[in-house]
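Residue numbers (the numbering used here): 28 to 612.
Below you can see the structure in the form of structure tokens.
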């Protein structure tokens, strides 16, 4: 299956589409040209609706299956065959399981051969990236190693393809075993010889780092941001301490959120290997001064050393998670849904963005929950103990993080161009505000702590810097330090020399029209791009000296001065995020 920037849903490979089209073309031509002109009686519609409902219920199928395009195509083909031949026996038309298995293998081989050509071409031209991941199925007790390929096609469209998902049957998850399974998967598409020409994207798991050490590796920024947030809010420590003991003055409930405890087998990421190494694993002695002023003290404070204001933030998070746990236990989510209210969403340590979703769902549901608790004579103290003001502040703190993490995980738009701007967005959100009041003291602690963790644990790869440069909206890299700008230009020169060596001469950008793609998290990035372009006129018009008048330097200089993409939108059109690839088409 293939996706690209202009496709919002997965489509069949061209081989499968052609085969299906040919099958339809072979049918007799006496089929009415416009089936929509045929009127179906209400009795027949109801009969079909009842049969479809019975099939879904009796066979326990997902109700979403009625929206499946494949099912609609299958029914359409059946109607056409029935129109030509009249009623036919299902057994004469439906193949057995073995036949379907063989057909799957046949189509799979054809599609794989088709993709081989595309992927090998992208690998040879050094425009292919691969993202391996290891995950476990707790129900089947099996681990899997999957890999996603992303590349740019000849039209500068971002394409994505699920390369493989293989059962991991090695005795251990060591680096040596990992690379063997990865190589087995790459062999299916003839990509093993091109492992050095590929950019690998992975987390910082020690086994992945060692397995891919010989290749060009770009560590996943979304993994890092998730772990920064976990460390900022002491999520790992909170699962290891007795909450009623640590927060004795604030916390009365001893309910345990079992979803926060990560088992060895039931995880989205194998915590021992696929997640980042522990961000900070240091032990410090107890200090009498809980509200440490130095950055090192703030960074190293354990959960028992927190000032009282900071503890209230963690207690609010615990209370919200306990409320969600309780609501799910007594099955009130269905009643919330029946009242068109927001249902509560659980937060777990292994799911990205779940904390923000959990807190936001609690905030939206507090009013209808209060009514439900009164109607059912439930303990309303579970709701009343939650500080709404503090909950709003936590949600406000997490909102830009959520937007950035959604954006960098997007497969509809390239994300490498947005890494450095995204980090600036987060950094700006952590600055003290002029209207901060004493009530902000609790959140200020976590702002400062997040800044320190980011400073210590987030660094930019050369590819991140080059991605910033090749986005024409941020080509002048004003938000980067002078050292980072100089390093970026050196990296660009080296890459241009490699292009020359490989005879991959890029054609000049002839078009300057802009296409945009809708994105739920586009507001932060759109605002950032507008600010960057607003300040373009402030640049000096100094030129390089004649000693730097090499072809590539001139090209870089011309791009920085004149590489402007004029974004235009129709009146009333929704503001959407700019696609950096549009400039290069």
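Using N, Cα and C, we set each Cβ at its ideal position, and we do this for glycine too.
Integer-rounded CB distance, given that residue j should sit under 8 Å from residue i
{"i": "residue 498", "j": "residue 444", "result": "4 Å"}
{"i": "residue 208", "j": "residue 239", "result": "So it is not a contact: roughly 13 Å between Cβ atoms."}
{"i": "residue 357", "j": "residue 393", "result": "Contact doesn't hold; Cβ gap of about 17 Å is too wide."}
{"i": "residue 246", "j": "residue 480", "result": "Rounded, the Cβ-Cβ distance is 16 Å, inconsistent with contact."}
{"i": "residue 195", "j": "residue 170", "result": "4 Å"}
{"i": "residue 511", "j": "residue 492", "result": "6 Å"}
{"i": "residue 90", "j": "residue 98", "result": "About 12 Å separates the two Cβ atoms, so there is no contact after all."}
{"i": "residue 212", "j": "residue 174", "result": "6 Å"}
Rounded separation between residue i and residue j - CA only
{"i": "residue 67", "j": "residue 410", "result": "53 Å"}
{"i": "residue 85", "j": "residue 128", "result": "25 Å"}
{"i": "residue 360", "j": "residue 354", "result": "7 Å"}
{"i": "residue 96", "j": "residue 157", "result": "29 Å"}
{"i": "residue 396", "j": "residue 477", "result": "33 Å"}
{"i": "residue 192", "j": "residue 402", "result": "50 Å"}
{"i": "residue 222", "j": "residue 333", "result": "47 Å"}
{"i": "residue 252", "j": "residue 527", "result": "36 Å"}
{"i": "residue 76", "j": "residue 101", "result": "17 Å"}
{"i": "residue 280", "j": "residue 399", "result": "Low per-residue confidence applies at residue 280: pLDDT is 45, beneath 50, and the placement is therefore not dependable, though the value from the model is reported in the following sentence. Rounded to the nearest angstrom, the two C-alpha atoms are 21 Å apart."}
{"i": "residue 319", "j": "residue 429", "result": "Because residue 319 sits at a pLDDT of 38, beneath the cut-off of 50, its placement in the model cannot be relied upon, and the point is left open."}
{"i": "residue 459", "j": "residue 186", "result": "40 Å"}
{"i": "residue 119", "j": "residue 104", "result": "15 Å"}
{"i": "residue 244", "j": "residue 153", "result": "14 Å"}
{"i": "residue 216", "j": "residue 136", "result": "10 Å"}
{"i": "residue 604", "j": "residue 438", "result": "14 Å"}
{"i": "residue 126", "j": "residue 420", "result": "59 Å"}
{"i": "residue 581", "j": "residue 507", "result": "22 Å"}
{"i": "residue 482", "j": "residue 145", "result": "40 Å"}
{"i": "residue 197", "j": "residue 405", "result": "51 Å"}
{"i": "residue 214", "j": "residue 190", "result": "11 Å"}
{"i": "residue 343", "j": "residue 366", "result": "26 Å"}
Cut-off 7 Å between Cβ atoms - residues of its own chain near residue i, not counting five sequence neighbours on either side
{"i": "residue 496", "result": "502, 504, 515 and 519"}
{"i": "residue 387", "result": "422"}
{"i": "residue 364", "result": "370"}
Span of the alpha helix (DSSP H), counted from its first residue to its last, around residue i
{"i": "residue 84", "result": "69-85"}
{"i": "residue 337", "result": "335-356"}
{"i": "residue 395", "result": "381-402"}
{"i": "residue 114", "result": "No alpha helix (DSSP H) contains residue 114, which DSSP labels as neither H nor E."}
{"i": "residue 140", "result": "124-151"}
{"i": "residue 506", "result": "Careful: residue 506 lies outside any alpha helix (DSSP H) and carries neither H nor E."}
{"i": "residue 415", "result": "415-435"}
{"i": "residue 482", "result": "468-484"}
{"i": "residue 22", "result": "The structure shown does not extend to residue 22, since the chain spans only 28 to 612, so no value can be given for it."}
{"i": "residue 441", "result": "It is not in any alpha helix (DSSP H) - residue 441 carries neither H nor E in the DSSP assignment."}
{"i": "residue 372", "result": "Neither: residue 372 is in no alpha helix (DSSP H) and is coded neither H nor E."}
{"i": "residue 411", "result": "408-411"}
{"i": "residue 495", "result": "489-496"}
{"i": "residue 367", "result": "Unbroken run through residue 367: none, as it is neither H nor E."}
{"i": "residue 209", "result": "202-214"}
Close-in-space but distant-in-sequence residues of the same chain around residue i (CB under 6 Å, 5 per side omitted)
{"i": "residue 615", "result": "The question about residue 615 has no answer, for the chain in this structure spans 28 to 612."}
{"i": "residue 249", "result": "432, 435 and 436"}
{"i": "residue 454", "result": "none"}
{"i": "residue 227", "result": "157, 239, 242 and 244"}
{"i": "residue 210", "result": "219"}
{"i": "residue 590", "result": "499 and 502"}
Limits of the beta strand (DSSP E) - the one that residue i falls within
{"i": "residue 247", "result": "Premise fails: residue 247 is in no beta strand (DSSP E) and is neither H nor E."}
{"i": "residue 186", "result": "185-195"}
{"i": "residue 169", "result": "169-179"}
{"i": "residue 458", "result": "Element bounds for residue 458: n/a, residue is neither H nor E."}
{"i": "residue 591", "result": "Run containing residue 591: none; DSSP gives neither H nor E here."}
{"i": "residue 9", "result": "The structure shown has nothing for residue 9, since the chain only spans 28 to 612."}
{"i": "residue 155", "result": "155-164"}
Sequence-distant residues of its chain with Cβ nearer than 8 Å to residue i (five each side left out)
{"i": "residue 264", "result": "329 and 330"}
{"i": "residue 389", "result": "347, 350, 351, 371, 413 and 418"}
{"i": "residue 122", "result": "130"}
{"i": "residue 151", "result": "221 and 224"}
{"i": "residue 88", "result": "82"}
Distance cut-off 7 Å: residue i Cβ against heavy atoms of the ligand NAD
{"i": "residue 523", "result": "The ligand content of the structure shown is nil, which means the ligand NAD is not present either."}
Cβ of residue i within 8 Å of any chain D Cβ
{"i": "residue 139", "result": "Here chain D cannot be found, since the structure has a single protein chain."}
Subject >> At least three beta-carbon pairs within less than 8 Å, the segment 465-476 to the segment 331-338 >> reply: They touch, by the three-pair rule.
Original post:
Are three or more beta carbon pairs between the segment 218-236 and the segment 197-205 nearer than 8 Å?
Top reply: yes
**OP:** For the segment 484-492 and the segment 440-458, state whether three or more C-beta atom pairs, one from each stretch, are separated by less than 8 Å.
**Re:** With the cut-off at 8 Å, the segment 484-492 and the segment 440-458 touch.
**OP:** Say whether the segment 101-116 touches the segment 181-195, bearing in mind that this needs 3 or more beta-carbon pairs closer than 8 Å, one atom from each stretch.
**Re:** no
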